[in-house]
Each structure stands twice: as structure tokens, then as C-alpha cells.
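Residue numbers (the working numbering): 13 to 538.
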């Protein structure tokens with residue numbers, strides 16, 4: 013009991029500290045001072061009167077949403093005397109593996125720098141600045157020569173690192189249960205089985221109405237859809253983040269999705285947010301970074317060739333170039349196992365006072381990175397709003413898909429969950445694919461690391477991301493990956509090579525996400 017109270021007070025202290033530096037805190041302070049002039053505020057009941065004023069004026073709800081947002085993002089406090097690296101990642105071997113992987117990425121980036129004789133950063137000449145400013149809204153028409161640039165790494169390179177991950181404590185005496193895991197991921201992490209997943213994703217049950225199933229043309233809208241839309245509108249009127257997160261577990265109506273996601277992520281575009289975005293844009297105009305070319309190359313290789321997303325090419329450049337300059341993103345490294353790379357001013361190598369984070373946001377883009385932004389372009393048409401949503405989605409969810417950690421939503425746990433589900437509930441299929449050299453994870457990894465962006469039809473992808481936001485978890489990605497294999501099991505049992513298995517699973521654009529998830533979770537024999 014005392015421990016729970018201590019943990020709670022620690023959480024409160026952390027959140028108060030975080031909010032004190034926010035715009036909301038300054039706004040609340042101004043409102044509190046302003047309300048003192050009101051006749052109904054009396055000195056003898058000052059505290060209660062100000063609380064009542066905040067409640068009536070809607071500021072209490074804004075504060076609640078901010079606190080709820082922090083609770084969703086920030087990890088639970090560890091022991092007060094635990095070192096800060098434990099907050100990033102409690103397992104030492106995971107931290108070491110992440111550190112080694114970061115060195116490889118930096119070596120790749122530095123070697124590209126040296127080969128091409130290109131600096132990491134340079135100030136653009138005035139003429140170049142004017143030219144970029146003039147074509148800011150049509151950067152997609154620009155065709156720079158990017159033939160010499162290559163992605164720093166691709167998902168398959170990252171998978172090889174995860175396959176070689178080992179817990180040194182298990183070297184000389186693996187536990188019996190873990191020896192029976194026949195997948196590629198060989199680290200002992202706790203992942204959920206189907207009964208636990210059913211309990212976690214209870215709202216996806218067969219008896220609960222779902223957008224993605226019950227809004228089909230065969231089902232009369234008055235049975236579910238009309239009422240669901242009405243409740244969604246009520247949630248938006250209430251402006252309650254927690255209610256929106258619960259509501260979206262059954263899917264979001266297309267017309268309400270943009271507002272619901274912004275409410276869950278606690279994003280309300282204030283004038284200062286627009287100004288901040290404009291400052292980032294100015295930084296892009298003034299300085300050219302090597303990672304800019306990596307962003308251009310990635311967009312050209314991925315989104316520009318996608319039937320759904322090629323029209324958003326300009327938006328992708330704007331958002332990703334601004335993202336690379338945003339130092340507020342560095343805050344997420346407090347709970348990310350990764351660390352931001354450092355660069356040194358020329359001639360001052362090793363001197364910490366001359367060290368800067370590079371890129372300024374600490375995130376080096378990889379092949380497919382732009383696909384985290386592309387689906388959001390369907391929902392948000394103002395670049396500053398699109399930018400805010402993407403940044404928040406990244407620091408809450410997407411960073412976990414390309415860093416090595418033991419977190420339940422981290423990519424290592426997702427891979428292990430996927431393999432465990434297949435091996436446990438589809439053992440014949442799993443063993444058959446393993447025997448022919450087509451380990452299922454080699455096929456599904458790219459889906460999960462991109463959160464299925466670029467693989468599913470956009471309407472289905474947005475229904476999937478509804479549930480990621482609703483459950484504040486990426487575990488549903490692993491469940492869907494296993495469900496896809498279950499759906500194509502008959503065809504996969506007939507293949508005799510990895511290439512043939514990949515061909516069976518090459519096109520996911522016709523799949524309906526929600527029926528697949530429901531059948532796999534709630535109609536699988538456990």
C-alpha cells in the first residue's frame with residue numbers, strides 16, 4: 013500500500029514537472045489571474061471558486077486531457093534510486109545491442125559523407141534559400157540527382173540484428189520452454205497468448221459492433237453505424253481524451269477520425285503551434301542537412317511509387333524536413349532505448365561542449381520511414397496540423413518499431429509475439445514454412461516495422477491505426493500479421509520455397525482487417 017502511494021506521488025510529481033514547462037500551464041496561470049477580477053470569486057473560498065471557474069470554463073477538461081496524455085506516453089516510474097538508463101531500457105543486453113546498432117548506423121552515415129564529400133550540414137546560399145522558399149509547396153517537381161545516395165539501412169538489415177540478439181544469462185542453460193521456440197527471435201520475453209489477447213482486446217469481440225464489419229452495405233446502418241456516429245459526435249462535444257480513446261476501439265467514422273485522433277493525442281492547434289512549425293520551416297530553408305537527401309530518396313523510393321500516396325509527395329517532404337529539425341523530439345529519448353547521435357564542430361572532435369545532436373531531432377531516417385506520415389495525409393490537409401499529429405504518433409508509437417527494447421510494444425516483443433502465436437496456434441503451417449526455409453518472420457517483419465503502411469488499403473490501415481490509438485499499444489500489429497498467415501494458410505501449405513511464400517503474401521491490399529482480427533482472436537481454438 014505504501015509502495016503504491018509512493019509510486020503515485022512520483023507519477024504526480026513527474027507530470028506536474030512536465031506540465032509546468034507547457035503552454036497550458038501558462039494559459040491556466042493567466043486564466044487564474046484573470047478570474048480574480050470576477051465578482052463571484054470570494055477571498056474566503058478562493059481555492060474552491062477558482063476550481064469551479066476552471067470547471068465551468070472548460071479549462072479543467074483541458075488539464076485532464078493533458079494529464080491523461082502524459083500518463084499514456086510516459087512509462088510508469090521505476091524505483092527512485094534506479095539510474096536513468098533503466099527508464100530507457102531495464103535490460104542491459106538490450107541497451108548494449110541498441111548501442112552497437114547505433115554505431116553501425118553512424119558508421120554507414122559517416123562513410124556516405126566521406127565517399128560523397130558532402131558535409132553533414134551547411135548553410136544554404138541566399139539564392140538557394142529563395143529558390144527553396146518559392147517551390148516549398150511543389151518540392152515533388154524537383155528532381156535532384158540522388159543516385160549516389162543510399163538508405164542508411166533497410167528493415168531487412170534491422171531484422172538480422174534482432175535475429176542475433178541473445179540474453180547472455182541463457183547461454184549455458186536455456187530454459188526448457190524457451191528451447192522449444194523454433195522461431196528466429198531467441199530472447200526470453202513475456203508475450204501474451206490468445207486468452208490474454210482476448211482479454212486485452214475485449215472490444216473486438218464477436219458480440220461487439222465494429223466499424224470495418226458492421227458498417228458494410230449488407231448491414232442496415234440503423235443497427236450500429238448511426239448510433240456509433242451519434243456517440244462519436246457526443247464525445248467530440250465533451251472534448252474528453254479518455255472517452256475518445258475508449259470509443260475508437262470500435263473504430264472511428266471517417267468524418268470524425270481526424271478530430272478524434274487529435275483529441276486522443278491532445279493536439280489543439282494554437283497560434284504558437286503554427287508559429288513553431290513556421291520556425292522549423294525557416295530552419296529548413298536556411299540550412300541543408302545530409303539527412304535531407306535521405307528523406308528525398310526515401311520518398312522517391314516508397315510513397316512516390318505508391319498508388320495511394322504519390323499525390324502527397326509535397327506534404328511528405330514538408331513534414332519530414334521540418335521533423336528532422338525539431339529538437340522537441342529529443343524529449344522522447346528519456347523513455348526510448350535509443351540515444352540521439354552526436355556530431356562535433358569541425359576540429360573539436362571529442363570535446364563535449366562542442367557536441368551537437370545530429371540530426372537536430374536525433375532520428376536518422378531509414379528506408380520506408382516516410383510511410384509513417386503518408387496515411388495521415390488523408391486526414392489532415394494543413395501542413396502544421398499534419399506535422400503535429402505525425403510528431404505525436406512518432407514519439408508515442410512509431411519509434412518503438414525501429415529501436416531494440418524489451419517493451420511489450422517494441423519490435424522485438426512484436427516479432428516474438430507473432431512467432432509464438434503462429435507456432436502455438438498454427439503449428440503445422442509454422443513447421444512447414446520453417447522446413448522449406450521460409451521463416452514467417454522474414455515475410456511479416458516489413459509489415460510490422462511499417463505498421464502495415466503501404467501494404468493495406470488506406471481505409472483498412474486507418475481502421476487498424478484506430479485500434480493502435482484506442483488500446484495505446486502496437487501489439488495488434490503482430491496479431492494481424494499472424495491472422496494474415498492464418499487466412500492464407502491453405503495456399504501457404506502448398507508452397508516449397510521462400511519466394512513462393514512471399515508471392516502468396518505479396519498483395520494485402522484486398523484484405524479486410526477487422527474480420528481477420530476477429531476470426532483469429534475469437535474463433536481460434538485455444
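Think of the CB as a built atom: it goes at the ideal place given N, C-alpha and C, for glycine as much as any other residue.
- Item | Collapsed DSSP secondary structure at residue 443 in the structure displayed | It is helical.
- Could you work out which residue in 309, 303, 310 and 347 is closest to residue 336 when comparing CA atoms only? Out of 309, 303, 310 and 347, 303 has the C-alpha closest to the C-alpha of residue 336.
- Query: By the 10 Å Cβ neighbour count, where 16 or more other Cβ atoms means buried, how is residue 217 classified, buried or exposed?
  - Reply: Exposed, because fewer than 16 other Cβ atoms sit within 10 Å of the Cβ of residue 217.
- Query: Taking buried to mean at least 16 other C-beta atoms within 10 Å of its own C-beta, is residue 274 buried or exposed?
  - Reply: Buried, because 16 or more other Cβ atoms sit within 10 Å of the Cβ of residue 274.
- Message: Given a cut-off of 8 Å on the beta-carbon distance, is the pair residue 62 and residue 68 in contact?
- Response: Residue 62 is not a Cβ neighbour of residue 68, given a cutoff of 8 Å.
- Task: Give the DSSP bridge partners of residue 299, in chain order.
- Result: Residue 299 pairs with 135.
- Task: Could you tell me how far apart the beta carbons of residue 411 and residue 348 are, in whole angstroms, since I believe they sit closer than 8 Å?
- Result: Rounded to whole angstroms, the Cβ separation of residue 411 and residue 348 is 5 Å, and the two are in contact under 8 Å.
- Who are the near neighbours of residue 256 in its chain, counting only those whose CB is closer than 8 Å to its CB and skipping five residues on each side? By the criterion of a C-beta distance shorter than 8 Å, residue 256 is surrounded in its chain by 247, 248, 272, 275 and 276, once the five residues flanking it on both sides are discounted.
- Query: Would you report the Cα separation of residue 30 and residue 76, rounded to the nearest angstrom?
  - Reply: Annotation: residue 30 to residue 76 spans about 14 Å, alpha carbon to alpha carbon.
- Sequence-distant residues of its chain with Cβ nearer than 7 Å to residue 351 (five each side left out): Only 114 and 345 meet the Cβ criterion.
- Task: Indicate the three-state DSSP secondary structure (helix, strand or coil) for residue 396 in the structure shown.
- Result: DSSP, reduced to helix, strand and coil, places residue 396 within a helical segment of the structure shown.
- Item | Sequence-distant residues of its chain with Cβ nearer than 6 Å to residue 458 (five each side left out) | The residues are 167.
- Counted within 10 angstroms of its Cβ, other Cβ atoms place residue 532 as buried (16 or more) or exposed: Answer is buried; the Cβ neighbour count reaches 16.
- Return the first residue and the last residue of the beta strand (DSSP E) that residue 368 is part of. Element bounds for residue 368: 367-369.
- Item | Those residues which DSSP pairs with residue 355 across a bridge | 368, per the DSSP bridge assignment.
- Would you decide whether residue 325 is buried or exposed? Buried here means 16 or more other CB atoms lie within 10 Å of its CB. With 16 or more other Cβ atoms within 10 Å, it is buried.
- Item | Nearest to residue 331 (by Cα), restricted to the options 385, 298 and 297 | Out of 385, 298 and 297, 385 has the C-alpha closest to the C-alpha of residue 331.
- Task: Since I believe residue 478 is in contact with residue 400 (beta carbons under 8 Å), could you give me their beta-carbon distance rounded to a whole number of angstroms?
- Result: 19 Å between Cβ atoms; not a contact.
- Query: Would you call the CB atoms of residue 473 and residue 528 closer than 8 Å?
  - Reply: Cβ distance not < 8 Å, so residue 473 and residue 528 don't count as in contact.
- Beta-carbon proximity list for residue 321, same chain, < 6 Å, skipping 5 on both sides: Hits under 6 Å: 315 and 386.
- Query: Between residue 489 and residue 139, what straight-line distance do the alpha-carbon atoms span, to the nearest angstrom?
  - Reply: Going by C-alpha positions, residue 489 is about 46 Å away from residue 139.
- Distance, residue 508 Cα to residue 444 Cα: Going by C-alpha positions, residue 444 is about 9 Å away from residue 508.
- Task: Would you tell me roughly how many angstroms separate the C-alpha atoms of residue 36 and residue 433, rounded to the nearest one?
- Result: C-alpha separation (whole angstroms): 44 Å.
- Query: Of all the options 38, 104, 74 and 118, which has the alpha carbon lying nearest to the alpha carbon of residue 377?
  - Reply: Checked all of 38, 104, 74 and 118; the closest Cα to residue 377 is 118.
- Item | Stretch-stretch touch, CB-based, cutoff 8 Å, three pairs: the region 133-149 with the region 297-313 | Judged by Cβ distances under 8 Å, the region 133-149 makes contact with the region 297-313, as three or more pairs qualify.
- Use the C-beta contact count for residue 393: other C-beta atoms within 10 angstroms, 16 or more gives buried, fewer gives exposed. The residue in question, residue 393, is exposed, as its Cβ has fewer than 16 Cβ neighbours within 10 Å.
- Query: For residue 388, which of 65, 406, 57 and 502 has the nearest alpha-carbon?
  - Reply: Shortest Cα-Cα distance from residue 388 to any of 65, 406, 57 and 502 involves 406.
- Item | Every unbroken alpha helix (DSSP H) within the region 85-173, with a cutoff of 4 residues, ordered by chain | Whole alpha helix (DSSP H) segments, 4+ residues: 96-100, 104-128 and 138-146.
- Message: So, under 8 Å CB-CB, residue 466 and residue 318 are touching, yes? Tell me the CB distance rounded to an integer number of Å.
- Response: At roughly 6 Å, the Cβ-Cβ gap stays under 8 Å, so residue 466 and residue 318 are in contact.
- CB-CB length for residue 310 against residue 163, believed under 8 Å: Right, the Cβ-Cβ distance comes to about 6 Å (below 8 Å), so this counts as a contact.
- Query: Rounded to whole angstroms, how far is the Cβ of residue 105 from the Cβ of residue 180, which I believe are closer than 8 Å?
  - Reply: Confirmed, Cβ separation roughly 6 Å.
- Exposed or buried, what is residue 408 when buried is set at 16 or more other beta-carbons lying within 10 Å of its beta-carbon? Buried is the call here.
- CB residue 197 to CB residue 424, shorter than 8 Å? Their beta carbons are under 8 Å apart, which means residue 197 touches residue 424 by this criterion.
- Item | Boundaries of the alpha helix (DSSP H) in which residue 8 is found, first to last residue | Coverage of the chain is limited to positions 13 through 538, which leaves residue 8 absent and any answer about it impossible.
- Task: Report the three-state DSSP secondary structure of residue 1 (helix, strand or coil).
- Result: Any answer about residue 1 is impossible in this case: the structure gives the chain only from 13 up to 538.
- Cβ separation of residue 522 and residue 205, assumed to be a contact under 8 Å, to the nearest whole Å: Not confirmed; about 29 Å, so no contact.
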